[in-house]
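So in the UniProt record's numbering, spot 174 of the sequence shown is number 174, and the numbers just go up one at a time.
For each residue, glycine too, the CB sits at the ideal point set by N, CA and C.
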Amino acid sequence: MTINTFTSEQNDQHTSTYDGEKPSKCLVNYNDAPTDNQSWKVTNYEKSELEVAPTVTTPKSAEFIKTRRSDLKSIKVTTQKFAENYNLRFKELCKRINIKSLEADYKSQYARCRVLLADMQQNKDGFAARESTIVEREKYLEIIAADLELRIQAAEEEDERIAFEASQRNEKLKGIRDCLDEREGLLVLGRSALRTREADVSQRENHAKTREDTIDDVENTLLAREATVKASETALISRESTIRTREEAIKKCEEAIESEKDVIKNKKDALRLYEANLKYTENRLQTKEERLNSEMTNRKLAVLEREQTVDVPDAAS
Numbered sequence: 001m002t003i004n005t006f007t008s009e010q011n012d013q014h015t016s017t018y019d020g021e022k023p024s025k026c027l028v029n030y031n032d033a034p035t036d037n038q039s040w041k042v043t044n045y046e047k048s049e050l051e052v053a054p055t056v057t058t059p060k061s062a063e064f065i066k067t068r069r070s071d072l073k074s075i076k077v078t079t080q081k082f083a084e085n086y087n088l089r090f091k092e093l094c095k096r097i098n099i100k101s102l103e104a105d106y107k108s109q110y111a112r113c114r115v116l117l118a119d120m121q122q123n124k125d126g127f128a129a130r131e132s133t134i135v136e137r138e139k140y141l142e143i144i145a146a147d148l149e150l151r152i153q154a155a156e157e158e159d160e161r162i163a164f165e166a167s168q169r170n171e172k173l174k175g176i177r178d179c180l181d182e183r184e185g186l187l188v189l190g191r192s193a194l195r196t197r198e199a200d201v202s203q204r205e206n207h208a209k210t211r212e213d214t215i216d217d218v219e220n221t222l223l224a225r226e227a228t229v230k231a232s233e234t235a236l237i238s239r240e241s242t243i244r245t246r247e248e249a250i251k252k253c254e255e256a257i258e259s260e261k262d263v264i265k266n267k268k269d270a271l272r273l274y275e276a277n278l279k280y281t282e283n284r285l286q287t288k289e290e291r292l293n294s295e296m297t298n299r300k301l302a303v304l305e306r307e308q309t310v311d312v313p314d315a316a317s
């Protein structure tokens, strides 16, 4: 029958690789994500162990069986050492993942999100205070507009009164002129009566002059009032322009508030996107951990199968 034989020199050559050292070929490259099972590499011992040794036909003897059993025991010890090295490297893999640092990063990111939410709440409170201030200003502007309307109505009534008084003054002057014309006709028709009444006419003329002076004073007063009305009109126009500028400033403030609301909305969208990225990172890490666990399980199963294949010839012998 054909039996796989190993010499002592081959055993020494194979077992010299696992003398407590950690070859670099058994380590996993943690910088690059594993893409397939070919990224796991083993030492030259594992490769040589899987190779089929040359087969020779030898007679079955007790000495050969004894040497074969000793070889199998040495192989089993070497396999146990390999399993221990594999467990140590798996622990190093878990340490290199460093879940605690990830948790600290998540906590700091959560604290940053809380600070952003607090800033948003403060901005919201500031917007509410600004809106209340704008409402109070609008009420104050409505009161000022009502007062201006009342003043405008009073100025219009004053203008109507001045126009009415001017019409009455013109009618009085017209009547005085008619009287003077009649008196001049009487003077032309009757010089004698004119001479007798010359003193009376002169007296009346003086009285008329005084009345004309009074009328002139009244006219000057009316002109001064008209100038005052015009000045009040110019003041009202300037106030209206001031009110318009204030309204434009209020509109600009409202536009600024709308722009700030849009900025806050964009910040909320950015926070949502950031949370989605964090969730995606967590899912990716979980998937990577599951894949590593599955690969470790496959390696353990492979080791068990190899032990079983080694024990089968022993049981058969």
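- One thing to note: Lys267 has its Cβ within 8 Å of the Cβ of Met120.
- Here Ala155 is not near Glu255, since their CB atoms are 8 Å or more apart.
- Arg114 is not a Cβ neighbour of Ile250, given a cutoff of 8 Å.
- Of the residues assessed, Phe82 falls on the buried side of the cut-off, its CB having 16 or more other CB atoms within 10 angstroms.
- Nearest Cα to Leu116 within the set Asp269, Asn293, Ala302, Ser101: Asp269.
- A direct Cα-to-Cα measurement between Gln286 and Lys252 gives close to 51 Å.
- By alpha-carbon distance to Ile215, the top candidate from Arg225, Asn170, Tyr274 is Asn170.
- With respect to Leu148, Leu236 sits close: the two C-beta atoms are nearer than 8 Å.
- Ile65 counts as exposed, since fewer than 16 other beta carbons sit within 10 angstroms of its beta carbon.
- Under the 10 Å beta carbon count, Ile75 is surrounded by 16 or more other beta carbons and is classified as buried.
- Annotated three-state conformation of Ser101 is helix, per DSSP.
- Contact check for Glu307 and Thr79: beta-carbon distance about 6 Å, within the 8 Å limit, so the pair qualifies.
- The C-beta distance from Ile257 to Arg130 rounds to 7 Å, short enough to fall under 8 Å.
- If you check the CB distance, Ile176 and Ala208 come in under 8 Å.
- Here Ser61 carries a coil assignment [DSSP, helix/strand/coil].
- Looking only at Asn85, Arg284, Arg239, Leu173, the smallest Cα-Cα distance to Leu102 is reached by Arg284.
- Straight across, the Cα-Cα distance linking Asp178 with Glu142 is about 54 Å.
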